[in-house]
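Report on one structure; see the data block that follows.
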Amino acid sequence: MNTFNEAPRIIVQKLNKIIKTISTKSNLENYKDWKWQVKHTIKDIESFENLSGIKFDDKERIELQKTVDKFPISITPYYLSLIQVNNYKNDPIFRQAFPDSKELNISKADMLDPLAEDSDSPVKGITHRYPDRVLFHISNMCAMYCRHCTRKRKVGDIDYIPDKKDVLQGIEYIKNNPVIRDVLLSGGDPFMLSDDYIDWILSELKKIPHIEVIRIGTRTPVVLPFRITDKLVSILKKHQPIWINTHFNHPREITSDSIEAINKLADAGIPIGNQSVLLAGINDCTYIMKKLVRKLVQNRVRPYYLYQCDLTMGLSHFRTPVGKGIEIIEGLIGHTSGFSIPTYVIDAPGGGGKIPVMPNYLVSWSTNKVILRNFEGIITTYNEPENYEDNNCELDCNNCNLYLKMEAPEESAPVGIKKLFCNVDNTISLIPNDIERMERRKDE
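For what it's worth, this note's numbering labels the leading residue of the sequence shown as 216, then goes sequentially.
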C-alpha cells in the first residue's frame with residue numbers, strides 16, 4: 216500500500232483487518248482512540264506475527280527473542296498497519312519498529328550514555344548542557360520503542376520513570392536558575408502523560424518569570440497520531456508560546472492520520488519542527504530525504520535537524536558514514552527551498568552538544584575577497600568592504616551604538632570561542648587540560 220498518497224478506503228480496510236484480529240468487538244472508532252491504541256500495543260513476537268501475517272522461522276524467532284529480552288518491543292497497531300508485508304525486510308516502517316538481532320552486536324565505539332546526559336544532570340530529570348536552556352525529562356513512556364533510540368538504556372527500566380517528586384525537583388532547579396529561558400520537555404514522550412498532568416507541568420513552568428519558551432519533543436504524530444486530540448491541543452494553546460518538534464524519518468510515515476494531527480497543532484498556531492535521524496537502509500538516500508522534507512513543509516512542518524545516528528549501544532547497523540549525510544545535504548541545497556533544508560548535526564559524544572556538519576561552500580579567502588562555490592559547482596567571488604570599522608566589542612552594551620536599548624543587556628561571561636573574539640577577555644587560546652607541554656610548564 217502506498218501510504219504516501221493513501222486512499223481512505225484502503226486504509227480503513229487495512230485497519231479493520233487488524234482490529235478484527237485483535238478483538239471482534241472493536242471498531243474504527245475505538246481504533247482511533249489513542250488510549251485503545253496504547254492498550255493494544257504489540258509487545259511480543261507472536262502477537263506481531265498474528266497481526267501482520269509475517270512469519271519467522273524457528274531459528275530466526277529464537278534470535279529475535281534474544282534481542283527482545285534486552286531491548287523490549289512496543290508497536291502501536293496504527294504504526295504496524297503501515298508496514299508493507301510483501302517486502303517487510305526492506306520496509307522502513309518495519310525496520311524502525313521491529314527488533315533486529317544486529318542490535319546485540321556491540322561495537323567498540325558504542326556507549327551506554329553517548330551524550331553524557333546523566334553526567335550533565337544537576338538534579339534528576341534535568342540535563343543542563345547549554346547556558347540558557349535545559350532538557351527536562353518528564354516521561355519514560357513511549358507510544359513505540361524506536362529501534363534507533365538514543366536512550367535505549369532507559370526503555371522499559373522502571374528506575375528511569377520520573378514521578379511527581381522528580382518533576383517538582385526539576386521545576387525547582389529551573390526556578391532557581393534565572394539564566395534558563397528555554398525548557399525542552401522530553402522523555403520518553405511527554406504526550407504519553409495524561410492531559411491533566413501535562414497541563415499541570417506547563418502551568419508550573421509558565422509561572423517562572425524567566426522562562427520565555429517551552430518546547431516539546433514528541434513522536435506521537437508519527438506513531439500515534441490519534442493522541443493529538445482537540446483537548447490536548449486546547450491545553451497547549453493556552454500555554455503559548457509552545458514549540459513542538461516531532462520525528463518523521465521517512466515519507467511513508469506521512470499519512471492522512473498524521474497530517475490530521477499536524478493540522479490540529481498548526482491550526483492552533485503552534486510552530487512544528489522535525490528532527491530526522493539518518494538511518495542506514497531507511498533514509499540514507501537523497502531522493503528519499505528530498506521527498507520527506509518537501510512533504511513536511513507542504514504540511515507546515517519545518518525540517519529542523521538531520522541527526523547523525525548516535526553511538527548508542529546496539530545501533531551500529533543503523534549508522535552511516537558522516538560523508539553520506541553531507542552528500543544528502545549537497546543534494547538538497549539548491550535543489551529544494553532553503554527553509555526545507557535541515558541542519559545536519561552530530562550530537563558530540565561525551566556531551567559536547569550538537570555540532571553542525573555541512574558542505575563547505577567557502578573555497579578560499581584573502582584580505583579583500585572570498586571565493587565561493589554554489590551547488591552547481593560555479594566558482595565566484597565576493598569583495599570584502601573597503602572601509603569597515605570594527606566595533607571592537609568590550610561587552611559594554613550600555614555604551615554601544617548597536618544595542619537596541621529596550622531592555623537591560625544580558626550579563627554573561629564569554630564562553631569558548633566567544634572568548635577569543637571578545638576584546639574584554641584576555642584569553643588568546645583555548646588549551647586542553649592534558650597537553651604534555653602544558654604540564655612541563657607547570658613544573659618549571
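Ideal Cβ positions, reconstructed from N, Cα and C, are used throughout, including at glycine. Only a predicted model underlies this, so the values are computations on that prediction, with no experimental measurement involved.
Beta-carbon proximity check, residue i vs residue j, cutoff 9 Å
| i | j | result |
| --- | --- | --- |
| residue 255 | residue 292 | yes |
| residue 431 | residue 400 | yes |
| residue 343 | residue 395 | yes |
| residue 470 | residue 295 | no |
| residue 260 | residue 288 | yes |
| residue 557 | residue 518 | yes |
| residue 397 | residue 428 | yes |
| residue 426 | residue 389 | yes |
| residue 617 | residue 607 | no |
| residue 345 | residue 488 | no |
| residue 278 | residue 316 | yes |
Boundaries of the beta strand (DSSP E) in which residue i is found, first to last residue
| i | result |
| --- | --- |
| residue 526 | Here residue 526 belongs to no beta strand (DSSP E), and DSSP marks it neither H nor E. |
| residue 562 | 558 to 563 |
| residue 429 | 428 to 432 |
| residue 496 | Element bounds for residue 496: n/a, residue is neither H nor E. |
| residue 279 | Not the beta strand (DSSP E): residue 279 falls in the alpha helix (DSSP H), residues 273 to 285. |
| residue 644 | First-last for residue 644: undefined, no H or E at that position. |
| residue 394 | That residue, residue 394, is in no beta strand (DSSP E); it is neither H nor E in DSSP. |
Residue interval of the alpha helix (DSSP H) (run including residue i)
| i | result |
| --- | --- |
| residue 307 | 307 to 312 |
| residue 513 | 501 to 513 |
| residue 435 | 435 to 438 |
| residue 418 | 410 to 421 |
| residue 457 | Counting along the chain, residue 457 falls outside any alpha helix (DSSP H), though it belongs to the beta strand (DSSP E) covering 457 to 461. |
| residue 480 | 471 to 482 |
| residue 266 | 260 to 267 |
| residue 445 | 445 to 453 |
| residue 632 | 632 to 636 |
Status (buried if at least 16 other CB within 10 Å, exposed otherwise) for residue i
| i | result |
| --- | --- |
| residue 239 | Because the pLDDT at residue 239 is just 47, under 50, the model does not fix this residue reliably, and the value given afterwards should be weighed accordingly. Under this definition residue 239 is an exposed residue. |
| residue 559 | buried |
| residue 249 | buried |
| residue 363 | buried |
| residue 513 | exposed |
| residue 602 | exposed |
| residue 534 | buried |
| residue 437 | buried |
| residue 571 | exposed |
| residue 599 | exposed |
| residue 644 | exposed |
| residue 440 | buried |
Residue i at chain D interface by Cβ criterion, 9 Å
| i | result |
| --- | --- |
| residue 389 | The structure shown contains no chain D; it holds only a single protein chain. |
Within the region 321 to 369, ranges of the beta strand (DSSP E) (whole runs, at least 3 residues): 341 to 345 and 348 to 352
Cβ pair count under 8 Å reaching 3, the region 298 to 309 against the region 458 to 468: yes
Say whether the region 494 to 507 touches the region 283 to 292, bearing in mind that this needs 3 or more beta-carbon pairs closer than 8 Å, one atom from each stretch. no
Closer than 8 Å is the cut-off here; do at least three beta carbon pairs connect the region 501 to 520 with the region 541 to 558? yes
The region 514 to 531 touching the region 323 to 339, judged by at least three CB pairs closer than 8 Å: yes
Contact between the region 408 to 416 and the region 442 to 454 (3+ Cβ pairs under 8 Å): yes
My parser needs the beta strand (DSSP E) runs of 3 or more residues fully inside the region 537 to 595; what are they? 558 to 563, 568 to 571, 577 to 580 and 584 to 588
Check whether the region 354 to 362 and the region 585 to 602 are in contact - that is, three or more C-beta pairs closer than 8 Å. no
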